[in-house]
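Asker:
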Amino acid sequence: MRQKEKAMTMDANRQSRLTPAERDTLARRLFPHIAKRPEEYEEIYPPRELPQGAYVTRLGPSPTGFIHLGNLYGALADERLAHQSGGVFILRVEDTDNKREVPGAVDLIISSLAYFGVEFDEGATEGGDKGNYGPYRQRQRAELYQTFACHLVRQGRAYPCFCTEEELAEIRERQTAAKENPGYYGSWAKHRDLTMAEIEARLEAGEPFVIRLRSLGDPRKTFTVEDGIRGPLTMPENDQDFVLLKADGIPTYHFAHVIDDHFMRITHILRGEEWLATLPYHWELFQTLGFEPPVFCHTTVLMKMEGETKRKLSKRKDPELGLDYYRQLGYLPAAVRSYLMTVLNSNYEEWQLANPGRALTEFPFTTEKMGSSGALFDLDKLQNVSKDILAGLSAQEIYDFLIAWSASEAAEAHGLLAKDPDYVKRILNIGRGGENPRKDLIYGRQILEFIRFFFDEWFSREDEYPEQIPAGLAVTLLKEYASTYDCADDNGLWFDKVRELGVKHGFAPKPKDYKKNPEAYKGHVGDVSSLLRVALSGRRNSPDLWEIQQILGQERTKARLAQAVEELSKL
RNA sequence: GGCCCGGUGGUCAAGAGGUUAAGACACGGCCCUUUCAAGGCUGUAACACGGGUUCGAUUCCCGUCCGGGUCACCA
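With my numbering applied, the first sequence closes on residue 787, and no number is skipped along the way.
Structure below.
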């Protein structure tokens, strides 16, 4: 009984001690410039007219000028959900922290995402804003937030707090010492119940202040929300009087998020799991403002391995995971997208296997199939996905990509690639098409490395000549080969000649013959072609030699053979 | 430390109260083969631990451990 009485007293204390009239005065005093009433915004930003089941999603980056794979991961999910449902995908710039803002960051974010195929329907653009629910940069929406802050003050659900950083630090110290939860709440919230006179005096003195929520939550109670990815989430109610408006009148993330997601008529909020901890803040705000909460979808964060442990991707520590990194290396945007999709939706890979050739955009994406445990970024897998995608493209398509990519990311190679398109395309076309296309192309930089020997400007010997062939014999073989080489020979005829040449000098016509009876031979035909391969490509491993020579042509083939003869003669 | 979220092979991951616990990447072997890249076949390898509930638990519950996240007038 006494318990109950005490609780009731406490609850009563939680209501504002100011009278309605005082609160009204305070609201006017705090927000003299606010003329609109909250309801007016409901008309300014009316519910959207969209087909049933359409998702309205948003990406809310802060303009810090850096965007990494993790951001793309989320953006891709937002984009798919919106576009596959006939909905809207919005870019909203969360620039409420002017300290962190980097000039030009917004354009960079837009272009980076666009490069990887993520386009917005509405929101901030490089020129300005697009859409009827703007502005889409939060600092430009200050009046909207202030209108609601004003409204909450009037209702006794928000109040000015004049605490300085030092005072807050001191509170925290005392809480830590007393082993209490840190924060501004309950009886620790010392400006929660300032009298009107005290407030007036401080305002008069020009003290800076923030606006805090007067929380009515009770952490001993819980609430449950249905997360789009994780299912039901049960969390304690919030009791923190967290900051709504900072001293400069700009909202914190928490306040801006609730107001914007309501008035932009967002249906699904995809965000990283780092927001889970503050979900109670948001929940109380949605309840307090009487807004219908959207569906929360808390994604897992992408991790990387550091030593023995996993760690969340960090923009500061992991510049190599920045989106630009993959662009510079020349990964195909489609490959990065496809890889990310395999991580994003567990059934994508199987779908892709079952539906070869169908576009990623045809895949039915669902939040339910998104994972909730931390996924490690897997470069091997990205490379494999990339190989598969490249293998499915035509030489022309790869060429077009290389040209566009090298123009900005590999300027030193661009000229040579552009000089003779047909030549480059013939190279890219080796082993392409047909049932079993070659899969040795992965990304731009790697492709350049792979094809460099076709260009005299870049050609150099990288591997040793086969050691089982003495230099003298090698010279003889190369000379004789050169004298009989004819570009017009077809693949079969050409190889017969190589075999004949080998046999003449004591090499087995087939590797099997050699294996059976190694004593009888100096080696086998493969050794002879190895010699030719090093002479022509500078490498022990290469695609089909006959094709390489077809592309080099009679003259340059012979020139390279001569070059090798010269080099070997010196040994 | 408090609170929150997670934990199936090395990696990404399916899965359901009873399965021989999928698949992909990586790795090994074999085949093919003039090298390589592929391709085909094949192999190694997993339900964190301890208690319950149950005829039966990897699956449900509790505890432990481990990992991550978060505790700002940053998002």
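The C-beta atom is built at its ideal place from N, Cα and C for all residues, glycine as well.
Return the bridge partner residues of methionine 451 from the DSSP annotation.
Answerer: In the first sequence, the residue the question calls residue 451 occupies position 235. DSSP lists Phe439 as partners of methionine 451.
Asker: Look at the Cβ atom of alanine 383, then the Cβ atom of serine 431, and state whether they are nearer than 8 Å.
Answerer: Sequence index remark: in the first sequence, residue 383 carries index 167 (1-based). Sequence index remark: in the first sequence, residue 431 carries index 215 (1-based). This sequence places glutamate at residue 383; alanine is not what is there. Result no, Cβ atoms of glutamate 383 and serine 431 do not sit closer than 8 Å.
Asker: Just verifying my parser: in three-state terms, what is the DSSP assignment at glutamine 391?
Answerer: By one-based count along the first sequence, residue 391 stands at place 175. The answer is helix: DSSP assigns glutamine 391 an H, G or I state.
Asker: Given a cut-off of 8 Å, decide if leucine 297 and leucine 518 are closer than it, judged by their beta-carbon atoms.
Answerer: In the first sequence, residue 518 corresponds to position 302, counting from 1. In the first sequence, residue 297 corresponds to position 81, counting from 1. Not in contact: leucine 518 and leucine 297 (Cβ atoms no closer than 8 Å).
Asker: On a CA-only basis, which of Glu489, Pro448, Leu495, Asp594 is nearest phenylalanine 471? Give me that one, please.
Answerer: Residue 471 sits at position 255 when you count from the first residue of the first sequence. Here the closest residue by C-alpha is Leu495.
Asker: Identify, in the order they occur along the chain, each residue of the same chain with its Cβ nearer than 6 Å to the Cβ of asparagine 314, setting aside the five sequence neighbours on each side.
Answerer: Numbered from 1 along the first sequence, position 98 holds the residue referred to as residue 314. No residues qualify anywhere along the chain.
Asker: Please report how far the alpha carbon of threonine 440 lies from the alpha carbon of glutamine 503, in whole angstroms.
Answerer: Along the first sequence, read from residue 1 onward, the residue named residue 440 stands at position 224. Along the first sequence, read from residue 1 onward, the residue named residue 503 stands at position 287. Spanning the two alpha carbons is a distance of roughly 13 Å.
Asker: Check the C-beta distance from cysteine 366 over to valine 426 and give it rounded, since I have them as a contact under 8 Å.
Answerer: The residue given as residue 366 occupies position 150 in the first sequence. The residue given as residue 426 occupies position 210 in the first sequence. With a Cβ gap of about 14 Å, cysteine 366 and valine 426 do not count as contacting.
Asker: Given a threshold of 16 other Cβ atoms within 10 Å of its Cβ, counted over all protein chains shown, does glycine 631 qualify as buried or as exposed?
Answerer: In the first sequence, residue 631 corresponds to position 415, counting from 1. Exposed: under 16 other Cβ atoms inside 10 Å.
Asker: Of the residues Gly444, Glu613, Tyr555, Lys731, which one's Cα is nearest the Cα of leucine 492?
Answerer: Numbered from its first residue, the first sequence carries residue 492 at position 276. Leucine 492 has its Cα closest to that of Gly444, out of Gly444, Glu613, Tyr555, Lys731.
Asker: Considering phenylalanine 471, what are the terminal residues of the alpha helix (DSSP H) in which it resides?
Answerer: Residue numbering aside, residue 471 sits at position 255 when the first sequence is read from its first letter. Residues 469–479.
Asker: Threshold first: 4 residues or longer. Then list the alpha helix (DSSP H) segments lying entirely within the stretch 716–772, N to C.
Answerer: Here the runs fully enclosed are 727–732, 741–753.
Asker: Could you spell out the range, first to last residue, of the alpha helix (DSSP H) harbouring threonine 483?
Answerer: Looking up residue 483 in the first sequence gives position 267. Where threonine 483 is concerned, there is no enclosing alpha helix (DSSP H), given that its DSSP letter is neither H nor E.
Asker: Let me check one thing: in DSSP terms, what residues is glycine 339 bridge-paired to?
Answerer: Counting from 1 along the first sequence, the entry for residue 339 is found at position 123. BP columns for glycine 339 point to Leu307, Lys346.
Asker: Can you tell me whether glycine 506 is helix, strand or coil according to DSSP?
Answerer: The count along the first sequence starts at 1 and reaches residue 506 at position 290. DSSP places glycine 506 in coil when its eight states are reduced to three.
Asker: Consult DSSP for arginine 626 and reduce its assignment to one of helix, strand or coil.
Answerer: For the purposes of this step, residue 626 is identified with residue 410 of the first sequence, where counting begins at 1. In the sequence as presented, arginine is not what sits at residue 626; that position holds alanine. Note: alanine 626 maps to coil in three-state DSSP.
Asker: Please return the same chain residues whose Cβ sits closer than 6 Å to the Cβ of threonine 583, not counting the five positions on each side in sequence.
Answerer: The residue labelled residue 583 in the question sits at position 367 within the first sequence. The answer, listed in chain order, is Gly444, Ile445, Cys513.
Asker: Nearest-angstrom Cα distance between tyrosine 541 and glutamine 356?
Answerer: On the first sequence, position 325 is the one that residue 541 refers to. On the first sequence, position 140 is the one that residue 356 refers to. Rounded to the nearest angstrom, the two C-alpha atoms are 32 Å apart.
Asker: Can you tell which of Pro686, His721, Pro682 has its C-alpha closest to the C-alpha of leucine 747?
Answerer: Counting from 1 along the first sequence, the entry for residue 747 is found at position 531. Minimum Cα distance to leucine 747 is reached at Pro682.
Asker: Going by beta-carbon coordinates alone, are arginine 353 and valine 309 separated by less than 8 Å?
Answerer: As a first step, residue 353 is located in the first sequence; it is residue number 137 there, counting from the start. As a first step, residue 309 is located in the first sequence; it is residue number 93 there, counting from the start. Yes, the Cβ-Cβ distance between arginine 353 and valine 309 is below 8 Å.
Asker: Leaving aside the five residues before and after isoleucine 482 along the sequence, list all residues of the same chain whose C-beta is less than 8 Å from its C-beta, in chain order.
Answerer: What you label residue 482 is simply residue 266 of the first sequence in a count that begins at 1. So the list reads Val272, Thr273, Arg274, Ile306, Asp476, Pro510, once near-sequence residues are dropped.
Asker: For alanine 687, is the classification buried or exposed, using 16 other Cβ atoms within 10 angstroms of its Cβ as the cut-off for buried?
Answerer: Sequence index remark: in the first sequence, residue 687 carries index 471 (1-based). Exposed, by the Cβ-count rule.
Asker: How should glutamine 612 be labelled, buried or exposed, when 16 other C-beta atoms within 10 angstroms of its C-beta is the threshold for buried?
Answerer: To locate residue 612, count along the first sequence from 1; it is residue 396. The residue is exposed, with fewer than 16 neighbouring Cβ atoms inside 10 Å.
Asker: What did DSSP end up calling methionine 224 once you bin it into helix, strand or coil?
Answerer: For the purposes of this step, residue 224 is identified with residue 8 of the first sequence, where counting begins at 1. Its pLDDT being 38, under 50, methionine 224 is placed unreliably in this model, and the value from its coordinates should be taken loosely. Methionine 224 falls in the helix class under three-state DSSP.
Asker: DSSP three-state label for cysteine 366, please.
Answerer: Walking along the first sequence from the start, residue 366 turns up at place 150. Helix at cysteine 366.
Asker: Measuring CB to CB, does threonine 468 end up less than 8 Å from proline 452?
Answerer: On the first sequence, position 252 is the one that residue 468 refers to. On the first sequence, position 236 is the one that residue 452 refers to. Contact flag unset, no.
Asker: Answer yes or no: do glutamate 490 and threonine 515 have a C-beta to C-beta separation smaller than 8 Å?
Answerer: Position 274 of the first sequence, counted from the start, is the residue given in the question as residue 490. Position 299 of the first sequence, counted from the start, is the residue given in the question as residue 515. In this structure, threonine 515 does not lie closer than 8 Å to glutamate 490 by Cβ.
Asker: Would you call arginine 436 buried or exposed, if buried means 16 or more other Cβ atoms sit within 10 Å of its Cβ?
Answerer: As a first step, residue 436 must be located in the first sequence, where it is residue number 220. Arginine 436 comes out exposed.
Asker: So which of Leu693, Pro759, Lys720 has the shortest CA-CA distance to alanine 778?
Answerer: Counting from 1 along the first sequence, the entry for residue 778 is found at position 562. With distances taken between Cα atoms, alanine 778 lies closest to Leu693.
Asker: Helix or strand or just coil, what does DSSP make of lysine 520?
Answerer: Within the first sequence, residue 520 is the residue found at index 304, counting from 1. Reduced to three states, the DSSP call for lysine 520 is strand.
Asker: Using the Cβ count rule (16 or more neighbours within 10 Å means buried), how would you classify proline 277?
Answerer: Here residue 277 refers to the residue found at position 61 when the first sequence is read from its first residue. Buried, by the Cβ-count rule.
Asker: Rounded to whole angstroms, what is the Cα-Cα separation between glutamine 362 and leucine 461?
Answerer: Indexing the first sequence from 1 puts residue 362 at position 146. Indexing the first sequence from 1 puts residue 461 at position 245. So the alpha carbons of these two residues sit roughly 8 Å apart.
Asker: CB-CB under 8 Å to aspartate 323, same chain, minus the five flanking residues each way: which ones, in chain order?
Answerer: Your numbering for residue 323 matches position 107 in the first sequence. Excluding sequence neighbours, aspartate 323 sits near Glu342.
Asker: DSSP puts proline 376 in a beta bridge; with which residues?
Answerer: Numbered from its first residue, the first sequence carries residue 376 at position 160. Bridge partners of proline 376: Ile427.
Asker: Rounded C-beta distance between isoleucine 643 and isoleucine 667? I'm assuming under 8 Å.
Answerer: The residue labelled residue 643 in the question sits at position 427 within the first sequence. The residue labelled residue 667 in the question sits at position 451 within the first sequence. At roughly 5 Å, the Cβ-Cβ gap stays under 8 Å, so isoleucine 643 and isoleucine 667 are in contact.
Asker: Taking the alpha carbon of histidine 299 as the point to measure from, which residue in Lys726, Gly333, Ala626, Glu628 has its own alpha carbon closest?
Answerer: By 1-based counting over the first sequence, the position of residue 299 is 83. The residue with the shortest Cα to Cα distance from histidine 299 is Gly333.
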